[in-house]
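Residue numbers (my numbering): 1 to 330.
In this text, a Cβ means the ideal position worked out from N, Cα and C, and glycines have one as well.
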Amino acid sequence: MDWRKWKQQKKEEKKKWKEIKLLKKLEKQRARELMEKEREEAKPKEDQGRHYTVSVAVPGSILSNAQSPELRTYLAGQIARACVIFCVDEIVVFDEEGESSKTIEGEFEGIRGKGQACVQLARILQYLECPQYLRKSFFPKHQDLQFAGLLNPLDSPHHVRMDEESQYREGVVLARPTKPGRGSFVNCGMRKEVQIDKPLEAGLRVTVRLDEKQNSESKTQKGVVISSQSPRTVSGLYWGYSVRLASCLSGTVKHFCIRTLSGFCLDNLSLVIARLLKAAWSHFWAALFLHHQALSLQNPRLRMATISPSGPRSEDPPWIRPLYPPSATL
Numbered sequence: 001m002d003w004r005k006w007k008q009q010k011k012e013e014k015k016k017w018k019e020i021k022l023l024k025k026l027e028k029q030r031a032r033e034l035m036e037k038e039r040e041e042a043k044p045k046e047d048q049g050r051h052y053t054v055s056v057a058v059p060g061s062i063l064s065n066a067q068s069p070e071l072r073t074y075l076a077g078q079i080a081r082a083c084v085i086f087c088v089d090e091i092v093v094f095d096e097e098g099e100s101s102k103t104i105e106g107e108f109e110g111i112r113g114k115g116q117a118c119v120q121l122a123r124i125l126q127y128l129e130c131p132q133y134l135r136k137s138f139f140p141k142h143q144d145l146q147f148a149g150l151l152n153p154l155d156s157p158h159h160v161r162m163d164e165e166s167q168y169r170e171g172v173v174l175a176r177p178t179k180p181g182r183g184s185f186v187n188c189g190m191r192k193e194v195q196i197d198k199p200l201e202a203g204l205r206v207t208v209r210l211d212e213k214q215n216s217e218s219k220t221q222k223g224v225v226i227s228s229q230s231p232r233t234v235s236g237l238y239w240g241y242s243v244r245l246a247s248c249l250s251g252t253v254k255h256f257c258i259r260t261l262s263g264f265c266l267d268n269l270s271l272v273i274a275r276l277l278k279a280a281w282s283h284f285w286a287a288l289f290l291h292h293q294a295l296s297l298q299n300p301r302l303r304m305a306t307i308s309p310s311g312p313r314s315e316d317p318p319w320i321r322p323l324y325p326p327s328a329t330l
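Take a look at the structure:
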């Protein structure tokens with residue numbers, strides 16, 4: 001056998017052996033990736049949402065101290081900016097004198113107008129919270145918004161720009177005819193309109209979740225109408241604030257609901273306050289008892305004295321006596 005042919009044959013065998021080895025390595029790598037993917041899918045997804053809300057109550061008379069319409073507008077803009085920075089979900093504007101109306105209809109009549117400062121503050125806060133491409137649809141020209149265009153934008157996460165990618169968007173339902181069984185068209189501030197999954201009344205403000213897979217050749221994009229709270233509860237995104245008017249300070253908590261860690265909703269404010277007072281009362285007597293014990297170690301004359309708000313009882317040692325009176329229990 002020729003030596004050259006033998007050498008060429010060995011090279012070909014070695015090449016085939018390397019190819020087989022490489023294929024086995026790729027198969028093992030694919031199997032490993034598939035197993036890791038299955039493990040990730042089997043793992044429970046982490047809850048990234050924020051399930052609590054933050055509310056702030058602001059008196060409308062705060063605008064009465066401003067000396068000009070420009071300063072009043074600027075002050076309202078500062079309040080809106082601070083609330084957005086701290087992710088406030090609701091701003092309650094209340095009237096200290098209890099004479100304001102429950103709507104935002106009307107105009108600000110000046111510093112002497114009682115209750116009208118609340119209306120102007122609420123209107124400016126709503127104007128700033130609304131995305132720029134939707135303001136023409138919801139806010140006609142108004143005297144209270146005369147200088148609102150000079151304010152700096154809030155740059156909130158739901159103020160999405162035209163070419164910016166975002167899973168959620170705010171939009172307004174358009175008055176366009178649609179085919180039977182098809183959803184309405186929504187202007188979401190993009191180059192293309194979004195067709196949602198259901199027909200809605202024109203002029204409504206909606207929150208839309210865009211589909212992940214979009215047809216680039218289509219004239220419209222596809223989306224689903226969701227709750228305005230979904231970006232916060234599902235993805236943990238801050239999605240603006242809502243504005244509510246209250247006729248007085250007590251009206252700010254009239255429809256207030258505290259959700260505990262166990263999921264129980266406490267809509268009775270008096271019960272919540274009573275429980276907080278009970279806890280504070282208990283901690284007060286506990287601190288007083290410990291302070292008395294510390295003093296008794298320094299002064300032997302105080303060792304025989306005990307502290308019990310419900311009255312001394314000689315049959316019980318001091319360490320099992322109640323720290324708050326029985327009348328404070330609920």
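With a threshold of 8 Å between beta carbons, is residue i in contact with chain D?
i      : result
Lys141 : Judged by its chain identifiers, the structure shown contains no chain D, having just a single protein chain.
Use the C-beta contact count for residue i: other C-beta atoms within 10 angstroms, 16 or more gives buried, fewer gives exposed.
i      : result
Ala122 : buried
Trp17  : exposed
Met35  : exposed
Glu13  : exposed
Phe86  : exposed
Lys5   : exposed
Gly171 : buried
Tyr52  : exposed
Ile20  : exposed
Glu33  : exposed
Classify residue i as helix, strand or coil using the three-state DSSP reduction.
i      : result
Val253 : helix
Phe147 : coil
Arg232 : helix
Thr306 : With a pLDDT of 43 at Thr306, under the threshold of 50, the modelled position of this residue cannot be trusted, and the question is left open.
Gln48  : coil
Gly110 : Legend: pLDDT at Gly110 = 45, less than 50; position of this residue unreliable, no value from coordinates given.
Tyr238 : coil
Leu200 : coil
Asn65  : helix
Arg30  : helix
Met162 : coil
Cys83  : helix
Phe138 : helix
Leu154 : coil
Could you tell me which residues DSSP pairs with residue i in its beta bridges?
i      : result
Ala57  : Val92
Gly223 : Leu210
Glu243 : The identity of residue 243 in the sequence shown is Val, whereas the question assumes Glu. Answer is Ile91, bridged to Val243.
Phe185 : Gln195
Tyr168 : Arg209
Val173 : Val186
query = Are the region 139-157 and the region 169-183 in contact at 8 Å, needing three or more beta carbon pairs?
reply = As far as the Cβ criterion goes, the region 139-157 does not touch the region 169-183, which means the pair count is below three.
ask   = On the three-pair Cβ rule with 8 Å, is the region 243-250 touching the region 210-225?
value = Output reads no: the region 210-225 does not touch the region 243-250.
ask   = So, do the region 233-240 and the region 157-174 have three or more beta carbon pairs nearer to each other than 8 Å?
value = The count of Cβ pairs closer than 8 Å, one atom from the region 233-240 and one from the region 157-174, reaches three, so the stretches are in contact.
inquiry  = Could you check whether the region 219-230 touches the region 188-196, counting it as contact only if at least three pairs of C-beta atoms, one from each stretch, sit closer than 8 Å?
reply    = Output reads yes: the region 188-196 touches the region 219-230.
task = Report yes or no: do three or more beta-carbon pairs, one from the region 74-81 and one from the region 226-233, lie closer than 8 Å?
result = Touching, no, given that fewer than three Cβ pairs across the two stretches are closer than 8 Å.
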